[in-house]
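Be aware that the sequence shown starts at 99, since it is given in our numbering, and climbs by one per residue. We put the CB at the ideal spot given by N, CA and C, even for glycine. Below: the structure, in structure tokens.
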Amino acid sequence: MMKISVSNSLLSAIMIFVLCFSNSIISIEPINAEVQHDTDQRDIPPLLITEIVPDSTDIEEVDGYEFIEVYNNTNHPLSFDEYQIIYRYPVGAENDRFWMPNKRDIEIPSGETLVLWIENAENKNISIEDFNDHYGVNLVENKDIVRMPGGMANQRMRDILIRTNTGEEVVMAQYNRGVYDVAENMGIFYQYPVDGSNQMVKVSAGSDPATPGTIEADLVPEVPIEIAADTAPIIENMTVTSQPMDKVEVIAEASDDFLLSTMTLYYKDENSEGYQSLNLEMNDEDGTYSHRVPVNDLIGVKELEYYFEASNGLNRSTTEVNTIDITEAVNGETLPLLITEVVPDSSNFNGADGYEFIEVYNNTDQVVDFENYHVLYRYLTGSPDAIWFENLTDIHINPGDNLVLWVDNGKNEELTVADFNANYGTELVENEDIVKASAGGGMANGSKRELIVASKAGDEVVIAGYNKDEPDSAPNKGIFYHFPYGSKEMIKVGSREKAATPGTIEENLVPADLMEIDLELGPVIDNRTEVDTVKQGDSVEIKAYAQDSLHVSVMTLFYKHSMDESYESVNLTREEDRLFHHTVDIGEDAPEGSIDYYFVASNGFVETNSTNHSIGIEIENSPDVPVLFYPENGSSDMPTDTELSVEVSNQYGGSLDVGFYQGRSYNTTQLQRFKIFQNAADVEPPLEMVPDGEVEFTTEEYSKLSAINNEQVETDSDEQFPYHRFEVTLDEEELQEEMVEVVWHGSSLDGRKVNMYAWNIATEKWTVVDSFVPDSTDTFSLKGEVDVNDYVRDGKLNAIVQDEIPPRAEYDYTFVWLSDTQFYSEVFPDLYETQVGWVQENKDTMDIEYVFHTGDIVNTYNQMYQWEFADQFMGVLENASVPYGVLAGNHDVELPNMGYDNYSQYFGEDRFQDQPYYGDSYQNNRGHYDLISSHGNDFIMLYMGWQPDDEGIAWMNEVLAEYPDRIAILNFHQYLNAAGNRTAIADQLFEEVVVPNENVKLVLGGHYHGSEVLVDTIDDDGDGIEDRKVHQLLGNFQDAERGGDGYMNIMNFDTENNLIYINTYSTDLDSYDLFEPYTVSLNLEPMTKRVSTDFFEVNVYSSEEIATVSDIPSGERATVNWDGLDDGETYYWYASVRNEAGVEAISNMWHFTTEESSSGETDISGIRTLIQEFIDSGDIKNPLASQLTNTLRQAEHHYDRGNVEQAIKFMEKSLKQIDKKEQLISSEAKTVLQETVDALLEQWESGDTSE
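This is the structure we're talking about:
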């Protein structure tokens, strides 16, 4: 007999492989090369899994010779009927499959093996001789080989376990965990664990032929576990001798020196001849073995006999027979309504069951109005309940009577109650004890279903299930139910045997006494509304909790505006949070007052009114922005005691307080305060405050910015993002203010989004101040406030204005689309690595600009090694500076709880937020968008993870509306199915996201295997002519070999021909042939853009008060005088209005210029005005303009402080500047300034310093 020897050379080869492989891929499992002989033998499992073959030669395309080899590591034979095989998925024990051999009572001799041959539909008829011939062995059926139904995955990670009948997991062997172990007819060999665990150690996989029934000596312990042959388990009965029928529990403790492998309970009632048996599993919480006897087994039972039997595989222990006296149920409460009989299958009529019915019994001493109830038809598959027998009127059930609900399934409409009576031999009266009503397509005969009588308020009253444990339906046979104990679910007591008895209650199936209804006790109502005020135009959610010892049958909300006479009413249904909700919308023009409301709840017999409640309506009593009346903005030659006047008003009238304040404004006419630069950056906005390559405006360009006059400076770029940067110097006075306002005036092209940013010195990033999408080339403005502390350093404020869209530069580029890499992360990480490595290597030669990943990054959300692989390999793209986006598929989240924790840990917002292309996140990257601009085309890549909700859909629409000028590519995990049709969620996404947003051109999705294209044409403007085509694509290759064979979609963009060529390509196989390539037509013509500046200003709304007037009636003017002004100066001012509620509104900044002095004397202010006029006219150019302005400011500074001598020196300096810079000043300006300055100097030197 051939044996596989784990030689030193083989072990060396294994170690070399691991070391080489770990350089690029995370190491998953160490390989123990040596047996640790000093391991305590009691720590080694008694049964070992020594070999697994998941892949073998096929029989009719199914593996025919899979097997699991089990080894007995004890010194005595062990019977395998004490054990089971568990086939475990990576998610954990909740989805375990339990496999047992066709013959269980097979002994495995000490130190020998049992081969479990996996049986399937295709190999059932081949013999053990076939198996022996296949592997070259000589095994004997039901001795050392036994058939066992099952089937092992070849290309998925799985765990194989042996567990006892009591639930203890003895040993486990894994395969395909992070490395592919499987090869046809090759064994996966395991060594016994030496670390005290129960996990076998894999030593060889996929390289050596399988050897069923043969064990290499080094793979099992030298000395088996010694167990005593004469020791039996110990059982201690802990069962109470007298128990109520609704709480009968049989319980015991048991132990064994070796291993308690089976614990069996035998029990019967006094009416039964034989015992029922049940294998018990150990309770993890207290180590006991127990069984709760179902109530339906105890109906009519007075005594229960039982005993326990325990086994360790060698010896058995049995307790004596004990008895339990069955007493009345502790929970004597019953339900007001009962379902006593159901017939889903009946005589056929018109191709369907004609006489299906549900029998409902009134278990109370009061008449039940069935108008307050309906029937829920529940599918038990997660599909929504169907609602039947709704809105029945004038249908009542008398105390102790029943009502037959006859199912109208659409095929039996013409049948009458007389026909029904004839079918069942009854004498039921229509609308008294039988009612026929629409019930969809009727009841299923062979599927699991539940029928629930529920109230209109949403409370479930009683439940009856059928076909849940065994088939229950047969034509015209009743399914009968006994009333429950402490539960809402009826107890099924018979089916398929007895003829249906509609309208007749079977003996002992309903309580002997009817429920007595307390007509003084109704539901308790608790108002849970969370707000007590609401604003105009908002909505308010009114909520309440109602509870009753029976149920709430009807819950009604009554509400009205306090000024209305009558209430509106609405019936409410209990929602998932057990509360009743209703949303009331408050109109924009709702009058002052409140929303008054109360609730009325009924339990079907007694109504309860809640107290009255009110929600106050907050009136938006805000003042309007003051309107300038006098003087006209920009007026000149105003007197030095100018009158200021504004018109003020308030939404709801009243008196107003108006304050007038002096402001300051600096604009592009004051070049001593402004520097403006133009440039183009690689990204938008730039990453630095001052990118390399900036060029300051020329004198000619500065001269165009003297007013809002459509004389603009335009900047274009062929490849990058052009911008204008404004550097503004603020004085000490401005630096004392909290905020300053920045205003840009200019233009762009139709449909382009233009942003204004300010440089945040704390975050060292450009922050959006304002943005606008113009619909023409007309001039518009961007305006916003910035915080002085955050945006001003060393007295300087920096702002930029930038168009988002770059022009076309080149033509051909590539996107790569990954999806459903789950099996790469689980079993084939080398394929994942080759995919991202290929992108890294070809990003320059193929101009790969972006990578999509449409979800199922991992196969099992709670297997962290899979996330580590994904983290490692997607990190290759980051290191290569290749932008990419991901979303979560169903395998990436914990379902059904929608747990995104692991996804967020590895691919949350933190991972991407510093990437320049990353736009914004929805719920920590459950959704996000990327902004990609390349080769003249501009995209927004929008992602939303598994099962988008309404909030996520609203977020997507907001994002798409913000970027209407970008080509939108939407990414979901599930969209098209394998047939190329939209799924249900995709239909919702199409109608609610794709159709309303004209920029959506492509939709990508995975989930289903295949490559499909669905094209829809959309008429955006409703004129009957198609305006765009939306291509919806499926690309998922996981059903190919090795979870996809490394295939991915390559998207080549041909901008000249407006086409995208999409190919499937395997980086591992270097193959393009998995699916046929296809093309997508898309307008890829580049769009030009422009940044054009007309004027820029910085406004400072200071708190320097001019005057305040009070109690100005709404609609009137407020007027003050501003006196003491200087001649020839420009003054800025604004007004603030505050109403009686304290709400304030602030005007724009206005300005005027006072008249020149008429004294004939020369003063500094007159010279300053002359210089500014010459600058504005272009007669003085920079840098002379700035030099003269600064010199004059210094002269004025000294003069104001009485230091005339220093003032004279600066004025003389100005004359020298004029002489030296003749090329920067016109001859006329030079002559006028020289004469004026000379006159002032003569005046000062003569001792006349009055101005």
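Per DSSP, cross-strand counterpart(s) of residue i
{"i": "Trp197", "result": "Ile183"}
{"i": "Val652", "result": "Ser700"}
{"i": "Phe1250", "result": "Ser733, Tyr1229"}
{"i": "Glu439", "result": "Glu457, Phe578"}
Residue environment, residue i, which counts as buried when at least 16 other CB atoms sit within 10 Å
{"i": "Ile1123", "result": "exposed"}
{"i": "Pro1094", "result": "exposed"}
{"i": "Leu1331", "result": "buried"}
{"i": "Asn731", "result": "exposed"}
{"i": "Lys201", "result": "exposed"}
{"i": "Asn422", "result": "The sequence as given places Ile at residue 422; Asn does not occur at that position. Its Cβ being crowded by 16 or more others within 10 Å, Ile422 is buried."}
{"i": "Pro1281", "result": "exposed"}
{"i": "Met661", "result": "exposed"}
{"i": "His1071", "result": "buried"}
{"i": "Lys1279", "result": "buried"}
{"i": "Gly1006", "result": "buried"}
{"i": "Asp354", "result": "buried"}
{"i": "Val465", "result": "exposed"}
{"i": "Ile332", "result": "exposed"}
{"i": "Ser1344", "result": "exposed"}
Given residue i as reference, the closest of the options once Cα atoms are compared
{"i": "Val1362", "options": "Gly385, Glu383, Glu401, Asp382", "result": "With the chain covering only 99 through 1349, there is no way to say anything about residue 1362."}
{"i": "Val505", "options": "Thr514, Gly498, Asp499", "result": "Thr514"}
{"i": "Ile623", "options": "Asn252, Ser647, Leu1180, Pro1062", "result": "Ser647"}
{"i": "Met588", "options": "Glu686, Val1113, Val393", "result": "Val393"}
{"i": "Ile693", "options": "Met1247, Ile715, Asp687, Leu726", "result": "Ile715"}
{"i": "Ile577", "options": "Lys586, Asn565, Asp467", "result": "Asn565"}
{"i": "Asn448", "options": "Thr432, Asn381, Gly539", "result": "Gly539"}
{"i": "Ser1032", "options": "Glu830, Pro199, Asp945", "result": "Asp945"}
{"i": "Gln1045", "options": "Phe1193, Met198, Gly1103", "result": "Gly1103"}
{"i": "Asn263", "options": "Asn1055, Tyr387, Asn236", "result": "Tyr387"}
{"i": "Ser415", "options": "Arg891, Asn529, Glu334", "result": "Glu334"}
{"i": "Lys641", "options": "Val682, Asn1035, Ser664, Asp1225", "result": "Val682"}
{"i": "Lys210", "options": "Glu239, Met1309, Gly556, Asn170", "result": "Sequence check: residue 210 is Glu here, not Lys. Measuring from the Cα of Glu210, the nearest candidate turns out to be Asn170."}
{"i": "Thr1412", "options": "Thr417, Ser409, Thr479, Pro342", "result": "The structure shown does not extend to residue 1412, since the chain is modelled only from 99 through 1349, so no value can be given for it."}
Proximity of residue i and residue j at Cβ, strictly below 8 Å
{"i": "Trp1231", "j": "Phe758", "result": "yes"}
{"i": "Pro721", "j": "Val1241", "result": "yes"}
{"i": "Phe196", "j": "Trp215", "result": "no"}
{"i": "Asp570", "j": "Arg594", "result": "yes"}
{"i": "Glu799", "j": "Ser1190", "result": "no"}
{"i": "Lys802", "j": "Glu792", "result": "no"}
{"i": "Met972", "j": "Val934", "result": "yes"}
{"i": "Glu1089", "j": "Arg1126", "result": "no"}
{"i": "Ala552", "j": "Tyr471", "result": "yes"}
Alpha-carbon spacing of residue i relative to residue j, whole angstroms
{"i": "Phe165", "j": "Met250", "result": "9 Å"}
{"i": "Ser1201", "j": "Glu883", "result": "16 Å"}
{"i": "Ala1076", "j": "Ile150", "result": "34 Å"}
{"i": "Phe870", "j": "Phe819", "result": "17 Å"}
{"i": "Leu176", "j": "Val168", "result": "11 Å"}
{"i": "Gln1292", "j": "Arg771", "result": "15 Å"}
{"i": "Glu1183", "j": "Asn252", "result": "48 Å"}
{"i": "Thr671", "j": "His679", "result": "8 Å"}
{"i": "Trp936", "j": "Tyr922", "result": "15 Å"}
{"i": "Pro291", "j": "Met298", "result": "5 Å"}
{"i": "Ile126", "j": "Tyr1106", "result": "Below a pLDDT of 50, predicted positions are generally treated as unreliable, and Ile126, at 35, falls in that range; the measurement from the model is reported next regardless. One C-alpha to the other measures close to 29 Å."}
{"i": "Ile898", "j": "Met1054", "result": "28 Å"}
{"i": "Glu908", "j": "Arg850", "result": "With a pLDDT of 37 at Glu908, under the threshold of 50, the modelled position of that residue is not reliable, and the figure given next carries that caveat. Approximately 21 Å between the Cα atoms of the pair."}
is_contact[residue i, chain D] using C-beta, thresh 8 Å
{"i": "Pro783", "result": "Included in the structure is just one protein chain, with no chain D present."}
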